[in-house]
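Below is one structure, written out as C-alpha cells, with a few remarks after it.
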Amino acid sequence: MVFLPPKIYVEGMLVGAREIGLDPEYIKIIERFYEISQ
C-alpha cells in the first residue's frame, strides 16, 4: 500500500519548492505526486 498525501499538502510542497528554486527534477517529482494525490 502506498501513502498518498492530501492534494492540498502536496500543493504546498510544490509552491514552496518553486519559491526556493528547488532543482527542476525534484519539482517534476512533486508535480507527479500532485497529479496522483487525492
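Heads up, the numbering used here is the position in the sequence shown plus 3, with the first residue counted as 1.
Built from N, CA and C at the ideal position, the CB exists for glycine as well.
Inset, instruction - Note down, in chain order, each residue of its chain lying with its Cβ closer than 8 Å to the Cβ of residue 13, except the 5 sequence neighbours on either side. - result: These residues qualify, in order along the chain: 33, 36, 37 and 40.
Legend entry - Separation of residue 5 from residue 17, as counted between CA atoms: Distance between the alpha carbons of residue 17 and residue 5: 20 Å.
Legend entry - residue 19 - DSSP class collapsed to helix/strand/coil: It is helical.
Inset, instruction - Could you give the DSSP three-state label for residue 13: helix, strand or coil? - result: helix
Inset, instruction - Look up residue 36 in the DSSP assignment and say whether it is helix, strand or coil. - result: Shown here, residue 36 sits in a helix according to DSSP, grouped into three states.
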